[in-house]
């Protein structure tokens, strides 16, 4: 388990076909409130074209929940599908999030170089621009929702904390926003 909120839970999982790590985002209720269908979030991810600074959406499925024979599911939320919660599958960015990087830098009494900050900022803005170009507004942009797939191109490393976070990852480097 990576994170838990009132709307669902995020897990680190394994892709059964490739064996690679993935993120499983289990949604029990719609992020935009009870009036919105939980399927709407999945539909947004499905229609969004890929971008180097947006986490890749791999797919989604409804998880069946085991319940005693003869018991009907109760309607906790209109967003829960009769089969169980929606599980969306995303790429795993193994280098953590921007918040953890900033905390590690602070603990080591270090600062990111201006070049490094500008590179990260440029990548975040490029991802948000892509979302806006496709009619999507990110309603929770913060350092915890920016994950690191590898070093930003052109970033300078200036110490052990930088090297820890900036090992190359899967051929696509840099920051990615979680839509």
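Residue numbers (the working numbering): 301 to 479. The C-beta atom is built at its ideal place from N, Cα and C for all residues, glycine as well.
Assigned exposure category for residue i - 16 Cβ within 10 Å defines buried
i           : result
residue 430 : buried
residue 467 : Here residue 467 scores only 31 on pLDDT, less than 50, and its place in the model is too uncertain to base an answer on.
residue 321 : exposed
residue 318 : exposed
Same chain, Cβ closer than 8 Å to residue i, neighbours up to 5 away in sequence not counted
i           : result
residue 397 : 443, 444, 445, 446, 447, 448
residue 353 : 423, 424, 426, 427, 430, 474, 475, 476, 477
residue 384 : 362, 363, 364, 365
residue 406 : none
Boundaries (first-last residue) of the alpha helix (DSSP H) holding residue i
i           : result
residue 341 : 338–347
residue 407 : 398–407
residue 358 : Segment 357–362 is the beta strand (DSSP E) holding residue 358; no alpha helix (DSSP H) there.
residue 429 : 414–433
Inter-residue Cα distance where the pair is residue i and residue j
i           : j           : result
residue 423 : residue 363 : 34 Å
residue 395 : residue 433 : 27 Å
residue 426 : residue 349 : 14 Å
residue 415 : residue 341 : 35 Å
residue 327 : residue 400 : 24 Å
residue 413 : residue 391 : 28 Å
residue 417 : residue 475 : 11 Å
residue 441 : residue 402 : 16 Å
residue 411 : residue 351 : 28 Å
residue 304 : residue 316 : 23 Å
residue 338 : residue 313 : 21 Å
residue 393 : residue 323 : 9 Å
Integer Cβ distance of residue i from residue j, believed to fall under 8 Å
i           : j           : result
residue 357 : residue 343 : At roughly 11 Å, the Cβ-Cβ gap does not stay under 8 Å, so residue 357 and residue 343 are not in contact.
Cβ shell of residue i (< 7 Å), same chain only, five flanking positions each side left out
i           : result
residue 301 : 309, 311
residue 360 : 342, 386, 387, 388, 389
Where the beta strand (DSSP E) through residue i begins and ends
i           : result
residue 252 : The structure shown does not extend to residue 252, since the chain spans only 301 to 479, so no value can be given for it.
residue 305 : 303–305
residue 441 : Premise fails: residue 441 is in no beta strand (DSSP E) and is neither H nor E.
residue 309 : 308–314
Cβ shell of residue i (< 6 Å), same chain only, five flanking positions each side left out
i           : result
residue 355 : 390, 391, 476, 478
residue 325 : 310, 388
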